[in-house]
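*Asks:* In order, the protein sequence lines correspond to chains A and B.
In terms of numbering that gives the first Met the number 0, the first sequence opens at residue 0 and continues consecutively.
In terms of numbering that gives the first Met the number 0, the second sequence opens at residue 0 and continues consecutively.
Handing you this structure, nothing more for now.
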Amino acid sequence: MEAGVRVHTSAYENRLAKAEAAASARKLSWVALKSDLSNWLCYTSRRSRRITPNDAAPVGRNLYNDELMAYVCSAVAIVSFGALGLTYKLSDRLGCDKAQVNLALFLSAGAAALIWAAATGGLAALGRAAALGVAMGSISFCNITAFRQAAAKGRISTSWTVINLSLVIPVAASVFIWSEVPAPRHYLGFALILAAIALLGMDLERARE
Amino acid sequence: MSYRRLIAVSFFLNGVTMVGMKAVSEFGLARVTPMVLFSMYGTSSLLGIFPVVAAGRRPQRRSLWVGAIAGIASIAGCASSIGAAALAQGYVVFPVISGGSLLLVAVFGRIAFGEKIGPYGLAGIAVGIAGIAMLGG
C-alpha cells in the first residue's frame with residue numbers, strides 16, 4: 000500500500016467515498032453553467048463529513064468557521080421561527096383576523112427583503128433568483144391556504160403535528176438528491192426529533208380536550 | 000376537498016418550501032438571498048390580497064401590527080435557514096431548526112401565556128433536546 004493512500008474498510012466510509020465522487024462529478028457538470036463562486040458554494044454545501052480545523056480548506060475559506068457559522072445561523076433561525084410561532088399564538092389570543100395577519104406578514108417581510116436587497120446591491124439579480132422566489136412564494140401561499148382549511152375541518156393539534164413532520168421531505172431530498180451521507184447518530188437524532196414532534200402534538204391534543 | 004387530502008397537500012407543500020431553502024444555495028443563489036426572499040414574499044403578498052378581499056372585513060389595527068412583527072421574524076428565520084443550509088448538511092439543519100423552534104414555542108408558551116405542559120409535552124421537550132444534541136454534536 001502506498002504511503003498516504005487511504006483504504007476505505009468500513010461500509011460507511013465506502014458510501015462516503017461514493018457520495019463525494021458523485022458530488023465531484025455533479026460539480027463538474029455545473030461548471031459550464033455557473034460562475035466560479037457559485038460552483039464553490041455548491042461544493043461547500045455538499046460536505047458529507049464532519050469538518051475539523053485540520054482539514055485543508057479552499058483558498059480564502061476556512062471550513063471550520065463555516066460550521067461555526069452554520070450553528071449561529073441555526074440558532075438565529077430557531078429563535079426567529081420560535082418568535083413567529085409565539086406571534087401566531089398571540090394573534091389567536093387577541094382574536095386577530097388570520098387573513099389580515101398573513102397579508103401583513105408577507106408585506107412587512109417583503110418590504111424588509113426589498114430594503115436588504117437594495118442595501119446589498121442585489122436588486123439587479125433577476126432571472127433564476129426571481130423565478131425561484133416566485134415559485135417558493137406561490138407554494139408557500141398554497142400551503143398556508145390548505146393548512147387553514149384543513150385546520151378548520153379537522154383537529155388543529157393533528158394538523159400541526161402532521162405539518163411539522165414534513166421535515167422528512169427536505170431531509171430525504173438532502174440524502175437522495177444532493178447525495179449527503181448522514182452518520183448513524185444523525186439517523187438517531189432525526190428519529191428523536193420526529194418522536195418529539197409527535198409527543199408535543201399529543202400534549203397539544205390533550206390540552207384542548 | 001376532504002381533510003385528509005388537504006392535510007396531505009399542506010404536508011407536501013410545506014416540505015417543498017423547505018427544499019426550496021436548500022435549493023437557494025444548491026443553485027448558487029446564496030449571494031442573492033435578499034432577491035429570492037423579496038420575490039417569495041412579494042408573490043405571497045399579491046396572492047394574499049384575495050382572501051382578505053373575499054372576507055370583506057374592515058382592517059384590524061392589531062392584526063396588522065401582529066402580522067408586521069411576524070413578518071420580521073419570518074424573514075429572519077428564512078434568511079438564517081438559507082444560510083445554515085448553505086453551510087451545513089440539510090439532514091442536520093432542518094430537523095434542528097424545526098425541532099428547536101417547536102421546543103422554544105412550547106417553553107415560552109408556558110412562560111408567556113401560562114400554557115400547561117403535560118407529561119407528553121415534557122417528554123417531547125426532553126426527547127427533542129436529545130435529538131438536537133445528537134444531530135448537532
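For each residue, glycine too, the CB sits at the ideal point set by N, CA and C.
Relative to the alpha-carbon of B/Ala-53, which residue among A/Ala-151, A/Ile-162 and A/Leu-102 has its alpha-carbon at the smallest distance?
*Replies:* Taking the first residue of the second sequence as position 1, residue 53 of chain B is located at position 54. Here the closest residue by C-alpha is A/Leu-102.
*Asks:* Between the C-alpha atoms of B/Gly-123 and B/Met-39, what's the straight-line distance to the nearest angstrom?
*Replies:* Numbered from its first residue, the second sequence carries residue 123 of chain B at position 124. Numbered from its first residue, the second sequence carries residue 39 of chain B at position 40. When rounded, the distance between both Cα atoms is 33 Å.
*Asks:* How long is the line joining the alpha carbons of A/Met-68 and B/Arg-56, rounded to whole angstroms?
*Replies:* By 1-based counting over the first sequence, the position of residue 68 of chain A is 69. By 1-based counting over the second sequence, the position of residue 56 of chain B is 57. Their backbone Cα atoms lie some 44 Å apart in a straight line.
*Asks:* Give the list of continuous beta strand (DSSP E) stretches no shorter than 3 residues that lie fully inside the region 124-204 of chain A.
*Replies:* none
*Asks:* So, with DSSP's three-state summary, where would you put A/Cys-95?
*Replies:* Position 96 of the first sequence, counted from the first residue, corresponds to residue 95 of chain A. A/Cys-95: coil per DSSP, three-state reduction.
*Asks:* Are any of the Cβ atoms in chain B nearer than 8 Å to that of A/Leu-83?
*Replies:* Here residue 83 of chain A corresponds to residue number 84 of the first sequence, with the count starting at 1. Yes, A/Leu-83 counts as interfacial toward chain B.
*Asks:* Exposed or buried, what is A/Asn-142 when buried is set at 16 or more other beta-carbons lying within 10 Å of its beta-carbon?
*Replies:* Residue 142 of chain A sits at position 143 when you count from the first residue of the first sequence. The residue in question, A/Asn-142, is buried, as its Cβ has 16 or more Cβ neighbours within 10 Å.
*Asks:* Quick one: give me the first and last residue of the alpha helix (DSSP H) that B/Phe-49 is part of.
*Replies:* By 1-based counting over the second sequence, the position of residue 49 of chain B is 50. Unbroken alpha helix (DSSP H) run through B/Phe-49: 32-54.
*Asks:* Measuring only the C-alpha atoms, how far is A/Ala-111 from B/Ile-71?
*Replies:* Residue numbering aside, residue 111 of chain A sits at position 112 when the first sequence is read from its first letter. Residue numbering aside, residue 71 of chain B sits at position 72 when the second sequence is read from its first letter. Rounded to the nearest angstrom, the two C-alpha atoms are 7 Å apart.
*Asks:* Sorted by chain position, which residues of the same chain lie with C-beta nearer than 7 Å to B/Val-35's C-beta, five sequence neighbours on each side aside?
*Replies:* Locating residue 35 of chain B in the second sequence gives position 36, counting from the first residue. Correct list, in chain order: Val-23 and Leu-28.
*Asks:* In angstroms with no decimal places, state the Cα-to-Cα distance between A/Glu-66 and B/Pro-58.
*Replies:* Residue mapping note: residue 66 of chain A aligns to position 67 of the first sequence, counting from 1. Residue mapping note: residue 58 of chain B aligns to position 59 of the second sequence, counting from 1. Cα to Cα, the separation comes out at about 45 Å.
*Asks:* Quick check on B/Lys-21: buried or exposed, where buried means 16 or more other Cβ atoms within 10 Å of its Cβ?
*Replies:* Position 22 of the second sequence, counted from the start, is the residue given in the question as residue 21 of chain B. Burial is judged here by how many other beta carbons sit within 10 angstroms of a residue's own beta carbon; B/Lys-21 has at least 16 and is buried.
*Asks:* Under the rule that 16 or more other beta-carbon atoms within 10 Å means buried, what is A/Asn-13, buried or exposed?
*Replies:* On the first sequence, residue 13 of chain A is found 14 positions in, with the first residue counted as 1. Classification for A/Asn-13: exposed.
*Asks:* What would DSSP say about B/Arg-4, mapped onto helix, strand or coil?
*Replies:* To locate residue 4 of chain B, count along the second sequence from 1; it is residue 5. In this structure, B/Arg-4 counts as helix in the three-state DSSP scheme.
*Asks:* Against B/Gly-117, what residues of chain A qualify as contacts under a CB-to-CB distance less than 8 Å, listed in chain order?
*Replies:* The residue given as residue 117 of chain B occupies position 118 in the second sequence. Here the neighbours are Asp-202, Arg-205 and Ala-206.
*Asks:* Under 8 Å by Cβ, that's how I've got A/Phe-239 and B/Ser-43 pegged, so tell me the actual separation to the nearest angstrom.
*Replies:* Nothing can be reported for residue 239 of chain A, as the shown portion of chain A is limited to 0 through 208.
*Asks:* Look at the alpha carbon of A/Leu-166 and the alpha carbon of A/Pro-183, and state the distance between them as a whole number of angstroms.
*Replies:* Taking the first sequence and counting its residues from 1, one reaches residue 166 of chain A at position 167. Taking the first sequence and counting its residues from 1, one reaches residue 183 of chain A at position 184. Answer to the nearest angstrom: the Cα atoms are 18 Å apart.
*Asks:* Which class does B/Gly-117 belong to by DSSP, given the choice of helix, strand or coil?
*Replies:* To locate residue 117 of chain B, count along the second sequence from 1; it is residue 118. Coil, per DSSP.
*Asks:* Using 8 Å as the threshold, is the region 4-15 of chain B in touch with the region 149-161 of chain A, meaning 3 or more CB pairs across them?
*Replies:* yes
*Asks:* Can you tell me whether B/Met-0 is buried or exposed? The criterion is at least 16 other CB atoms within 10 Å of its CB, across all chains shown.
*Replies:* Sequence index remark: in the second sequence, residue 0 of chain B carries index 1 (1-based). It is exposed - the Cβ of B/Met-0 has fewer than 16 other Cβ atoms within 10 Å.
*Asks:* Cα separation between A/Ala-197 and B/Arg-109?
*Replies:* Walking along the first sequence from the start, residue 197 of chain A turns up at place 198. Walking along the second sequence from the start, residue 109 of chain B turns up at place 110. Going by the C-alpha atoms only, they are around 19 Å apart.
*Asks:* Could you give the residue range of the alpha helix (DSSP H) that holds B/Arg-61?
*Replies:* Here residue 61 of chain B refers to the residue found at position 62 when the second sequence is read from its first residue. Note, B/Arg-61: alpha helix (DSSP H), 60-86.
*Asks:* Measure the alpha-carbon distance for A/Thr-160 versus A/Ile-176 and round it to whole angstroms.
*Replies:* Stepping through the first sequence from its first residue, residue 160 of chain A is reached at position 161. Stepping through the first sequence from its first residue, residue 176 of chain A is reached at position 177. For A/Thr-160 and A/Ile-176, the distance between alpha carbons rounds to 26 Å.
*Asks:* Among residues of its own chain, excluding the 5 on either side of A/Phe-140, which ones have a beta-carbon nearer than 7 Å to its beta-carbon?
*Replies:* Reading the first sequence from its first residue, position 141 is the one you call residue 140 of chain A. Contacts found: none.
*Asks:* So B/Ala-125 and B/Ile-116 are in contact, right, with Cβ under 8 Å, and what is the actual spacing, rounded?
*Replies:* To locate residue 125 of chain B, count along the second sequence from 1; it is residue 126. To locate residue 116 of chain B, count along the second sequence from 1; it is residue 117. Wrong, their Cβ atoms sit about 11 Å apart, outside the cutoff.
*Asks:* Quick check on B/Gly-130 - is its C-beta less than 8 Å from some C-beta in chain A?
*Replies:* As a working note, residue 130 of chain B is residue 131 in the second sequence. B/Gly-130 counts as touching chain A.
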